[in-house]
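Respectively, the protein sequence lines represent chains A and B. So the number in my numbering is just where the residue sits in the first sequence, counting from 1, plus 2. So the number in my numbering is just where the residue sits in the second sequence, counting from 1, plus 24. For reference, the structure discussed in these notes is given below.
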Amino acid sequence: MKVTETMIKKRKVKDRVLQTVTLISSSISVLILIMLFFFIFQKGAGSLSFKLLTDDYWAKNYLLDIPAEQTGTYVKPANLPTDSFWSVKYGFAVTDALSHEKQKLILIEYIDPASPLAKMTDASSGPNFGKAQLISVGMQIQKIGYVDINGDTRSAGTIADQNAKTLVDTLDSSALTLNQAYIKTTGGGIRGSIVSTFYLILISLLLAVPIGIMTAIYLNEYAKYNRFTPWLRSSIEMLTGVPSIIYGLMGMVVLYPVTALFKASGTSILLGGLTLSVILLPTVIRSTEEALKVVPDNFRDASLSLGANQAQTIFRIVLPSAIPGILSAILLSLGRIIGESAALIYTMGTFVNDSPTVLTGGTSLAVHIWSLMSGEQPNFALASAISIIILIIVLVLNISVKLLSGRLRKTWQ
Amino acid sequence: MENIFEIRDLDLYYGTNQALKKISMDIHRNEVTAFIGPSGCGKSTFLRCFNRMNDLIPDCRIEGKMTMNDTDIMSSKLNVVDLRTRVGMVFQKPNPFPMSIYDNVAYGLRCQNIKDKKVLDQIVTQSLKKAALWEEVKDRLNENAYKLSGGQQQRLCIARAISMEPDVILMDEPTSALDPIATSKIEDLIQELKRDYTIIIVTHSMQQAARVSDYTAFFLLGEVIEFNTTKVLFQIPSDKRTEDYITGRFG
């Protein structure tokens, strides 16, 4: 058959069209990624700070009595920042700031050791009543109560819609004596969630990695030609497709009694870790198996021909050679732990815990986002800031996986 | 002449496929026996019977009789690990473990729970000397074995096999991955090792078989066509097929 001019043209057009379609598709996927990053960074970058990582989430409130002895003239220290305001009469400096929720705050910048604010006592009834309560730089002044020239009790601070400058001005000009202060820590930080995530990683990896590696060794080395191995393998593969919320339900019902043995009541990080380790197992098994398959058979042959038994061959030769692959399996699991939320809502709870322990509830970073957004006043900025942190962690993990697997390939070329 | 191996009517099947047919042969002690033949004729499969490496292959079934020093080595009661310490093996592709030169040679001993540093040092030195590698590596025993050249790696594998002080060394095309200079070094080494060990070598190169071996077996389609002293087999082959093969008419 003769190839005509029109046939050639048709072929060319078809080629062009297909090329364009693939180009458009790939542009769309890249665009989505860029949009995601741009959106999250734009919303969250403002709330991102080192303080976010170290602060508690819940603010602590202090209602404090200010001692009667307070007259004096205080000298302003030379090294105070320029944007702070100094109260000559009461000896403290304050500055304006925004909270993680973008609300205006008056933060304490400096307190003179002789200032009445340095000698306040707890005013709330309870075991600490009357005890000295030191307040520190960085806390916010909600309210300072004072008595003016007319003998009236008045309030200054954010509660009276004041900023740092007007607060200092009011106290210095019209306050005769100060009587009570309402001081708050800033809060809104994610230290507790970071600690919870760390515990979660520790527990789930500690369980999933050894069990997963041993299973992979059994499947790939000992039971290689066993009739049941293909069955076992495909059921493990199926486990990877189960939605994690089902694992969460299972964790709540099946694994809860296990955590109860350790005296954990209700949701706990231990329960979350156990559930996550079940979720991780299939991934760890699969990737370890892949890593074991890459180990050349002639290593096994050489070892066996030297009179080593199978266990010696596996644990002295095969497993050490598979370590880079196993490491990348662990990194993949880390990504999964950090990203998981559905299974943890049932098992670890959604209450942000500032001082989590293994046996109490807490939130991982991802669940912290859920918890921020599911309240009555969704805090989008803070949620985005946490998202940035998670994205950065995932990015670092991905790069590490690439580097590791690159090295793995190099070893046996 | 003393026989170390006696093989009678050995059949080997992979599933239903018969790979070796009625093989009978005597292997003499402290001689070099070469197996030659075209690819897929079963010579490597047969070699792997001597240290039971075929055990690792599923669906592999062996019938017949094979004895080493009058002990049945096909018996299921035989301690295979023990057999493999007496029958060492060197593979086609140099396959040192990804560890130091020293650790490679000491590996087999350590697997036998020999941990005395002095004993290990002595055997490692001695094995490397016997494998004609000592002079080249004595200053860098702790370097990774993969830093050695291909020929050195193969001699390291020979040293590793020698470290177990075996009676027999099986070599499965030990020079097929090496250049001519490395090959001739290995061939010289085989002549040296012959004094202490029985050597069975599978080779694709008829010249190599003629150079290094005392006895040669010609394999074709799972059968031994001819087995004789190398001299006789190459000069006056009794079978037409052997003659065709060694004169290069096929294979």
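Virtual Cβ for every residue (Gly too), placed ideally from N, Cα, C.
Just the Cα atoms here: how many angstroms apart are Leu245 (chain B) and Asn41 (chain B)?
-> Residue 245 (chain B) sits at position 221 when you count from the first residue of the second sequence. Residue 41 (chain B) sits at position 17 when you count from the first residue of the second sequence. For Leu245 (chain B) and Asn41 (chain B), the distance between alpha carbons rounds to 12 Å.
Inspect the CB distances between the segment 116 to 135 of chain B and the segment 175 to 193 of chain B and report whether three or more fall short of 8 Å.
-> The segment 116 to 135 of chain B vs the segment 175 to 193 of chain B: in contact.
Could you tell me which chain A residues have their CB closer than 8 Å to the CB of Asn75 (chain B), listed as they occur along the chain?
-> Numbered from its first residue, the second sequence carries residue 75 (chain B) at position 51. The contacting residues are Ser307.
Cα-Cα separation, Ser89 (chain A) to Thr75 (chain A) = As a position in the first sequence, residue 89 (chain A) is number 87, starting the count at 1. As a position in the first sequence, residue 75 (chain A) is number 73, starting the count at 1. Approximately 9 Å between the Cα atoms of the pair.
Give the residues of chain B in contact with Tyr227 (chain A), contact being defined as C-beta atoms less than 7 Å apart.
-> If you number the first sequence from 1, residue 227 (chain A) lands on position 225. Going along chain B in sequence order, the residues near Tyr227 (chain A) (Cβ under 7 Å) are Pro82.
Would you give the residue range spanned by the alpha helix (DSSP H) that Cys135 (chain B) belongs to?
-> Numbered from 1 along the second sequence, position 111 holds the residue referred to as residue 135 (chain B). For Cys135 (chain B), the enclosing alpha helix (DSSP H) starts and ends at 125 to 135.
Measuring only between beta-carbons, confirm whether Asn311 (chain A) sits less than 9 Å from chain B.
-> On the first sequence, residue 311 (chain A) is found 309 positions in, with the first residue counted as 1. By this cut-off, Asn311 (chain A) is an interface position.
Can you tell which of A:Leu169, A:Asn130, A:Asp154 has its C-alpha closest to the C-alpha of Ile110 (chain A)?
-> Counting from 1 along the first sequence, the entry for residue 110 (chain A) is found at position 108. Ranking A:Leu169, A:Asn130, A:Asp154 by Cα distance to Ile110 (chain A) puts A:Leu169 first.
How about the segment 74 to 88 of chain B and the segment 26 to 42 of chain B: do they share at least three Cβ pairs that are nearer than 8 Å?
-> yes
Near Val5 (chain A), what residues of its chain come up, given a Cβ to Cβ distance below 7 Å and the 5 sequence neighbours on each side ignored?
-> Working through the first sequence from its first residue, we reach residue 5 (chain A) at position 3. No residues qualify anywhere along the chain.
Out of B:Ile28, B:Asp33, B:Pro62, B:Asn54, state which residue places its alpha-carbon closest to the alpha-carbon of Val226 (chain B).
-> Reading the second sequence from its first residue, position 202 is the one you call residue 226 (chain B). If we check each option's Cα against that of Val226 (chain B), B:Pro62 comes out closest.
Return yes when the Cβ of Phe59 (chain B) is within less than 9 Å of the Cβ of Ile319 (chain A), no when it is not.
-> The count along the first sequence starts at 1 and reaches residue 319 (chain A) at position 317. The count along the second sequence starts at 1 and reaches residue 59 (chain B) at position 35. One thing to note: Ile319 (chain A) has its Cβ no nearer than 9 Å to the Cβ of Phe59 (chain B).
Three-state secondary structure (DSSP) at Arg156 (chain A)?
-> Taking the first sequence and counting its residues from 1, one reaches residue 156 (chain A) at position 154. Strand.
Let me know the secondary structure DSSP gives Met195 (chain B) once reduced to three states.
-> Mapped onto the second sequence, residue 195 (chain B) falls at position 171. Looking at Met195 (chain B) - three-state DSSP - the assignment turns out to be strand.
With a threshold of 8 Å, establish whether the CB of Arg318 (chain A) neighbours any heavy atom of the ligand GTP.
-> This structure lacks the ligand GTP; in fact it carries no ligand of any kind.
According to DSSP, which residues form a beta bridge with Gly147 (chain A)?
-> Your numbering for residue 147 (chain A) matches position 145 in the first sequence. Gly147 (chain A) pairs with A:Ser157, A:Gln182.
Hey, Ser307 (chain A) and Met113 (chain B) are a contact pair by Cβ (cut 8 Å); roughly how many whole angstroms apart?
-> Counted from its first residue, the first sequence places residue 307 (chain A) at position 305. Counted from its first residue, the second sequence places residue 113 (chain B) at position 89. So it is a contact: roughly 4 Å between Cβ atoms.
Three or more C-beta pairs below 8 Å linking the segment 248 to 259 of chain B and the segment 74 to 82 of chain B | no
Length at least 3, wholly inside the segment 104 to 134 of chain A: the beta strand (DSSP E) runs in chain order = 106 to 113
Does the Cβ-Cβ distance between Ala241 (chain B) and Thr57 (chain B) come in under 9 Å?
-> Within the second sequence, the letter at position 217 stands for residue 241 (chain B). Within the second sequence, the letter at position 33 stands for residue 57 (chain B). Yes, these two residues count as a Cβ contact at 9 Å.
Along chain B, which residues have their Cβ under 9 Å away from the Cβ of Ser323 (chain A)?
-> As a working mapping, residue 323 (chain A) is identified with position 321 in the first sequence. Residues of chain B passing the Cβ test: Phe121, Pro122.
Ala345 (chain A): buried (16+ other C-beta within 10 angstroms of its C-beta) or exposed?
-> What you label residue 345 (chain A) is simply residue 343 of the first sequence in a count that begins at 1. Ala345 (chain A) is buried by the Cβ-count criterion.
Would you kindly work out how many angstroms separate the C-alpha atoms of Leu257 (chain A) and Leu282 (chain A), rounded to a whole number?
-> Translated into the one-based positions of the first sequence, residue 257 (chain A) becomes position 255. Translated into the one-based positions of the first sequence, residue 282 (chain A) becomes position 280. Between Leu257 (chain A) and Leu282 (chain A), the alpha-carbon positions lie close to 15 Å from each other.
Which full runs of the alpha helix (DSSP H) of 4+ residues lie inside the segment 216 to 277 of chain A, going along the chain?
-> 231 to 241, 246 to 252, 258 to 263
Would you report the Cα separation of Ile28 (chain B) and Lys218 (chain B), rounded to the nearest angstrom?
-> Residue numbering aside, residue 28 (chain B) sits at position 4 when the second sequence is read from its first letter. Residue numbering aside, residue 218 (chain B) sits at position 194 when the second sequence is read from its first letter. So the two alpha carbons sit approximately 14 Å from each other.
Along the segment 281 to 298 of chain A, what residues have a CB closer than 9 Å to any CB found in chain B?
-> Pro298
Closer than 8 Å by C-beta to Asp58 (chain A): which residues in its own chain qualify, once you throw out the five before and the five after it? Chain order, please.
-> Numbered from its first residue, the first sequence carries residue 58 (chain A) at position 56. Correct list, in chain order: Thr187, Gly189, Gly191, Arg193, Gly194, Asp356.
Helix or strand or just coil, what does DSSP make of Met37 (chain A)?
-> One-based indexing of the first sequence puts residue 37 (chain A) at position 35. DSSP, read as helix, strand or coil, puts Met37 (chain A) in helix.
Touching or not, the segment 331 to 349 of chain A and the segment 269 to 280 of chain A, by the rule of three or more beta carbon pairs under 8 Å?
-> yes
Interface flag, Arg235 (chain A) vs chain B, CB-CB below 9 Å = Taking the first sequence and counting its residues from 1, the one referred to as residue 235 (chain A) is at position 233. Closer than 9 Å: no.
With 9 Å set as the bound, which would you pick, yes or no: does the beta-carbon of Cys135 (chain B) sit closer than that to a beta-carbon of chain D?
-> Reference to chain D is not applicable here, since the protein chains of this structure are A and B.
Separation of Val403 (chain A) from Lys106 (chain A), as counted between CA atoms = In the first sequence, residue 106 (chain A) corresponds to position 104, counting from 1. In the first sequence, residue 403 (chain A) corresponds to position 401, counting from 1. Taken atom to atom, the span from the alpha-carbon of Lys106 (chain A) to that of Val403 (chain A) is near 43 Å.
Find the residues of chain A that neighbour Arg108 (chain B), judging by a C-beta separation of less than 9 Å, and give them in chain order.
-> Walking along the second sequence from the start, residue 108 (chain B) turns up at place 84. The answer, in chain order, is Leu306, Ser307, Leu308, Gly309, Ala310.
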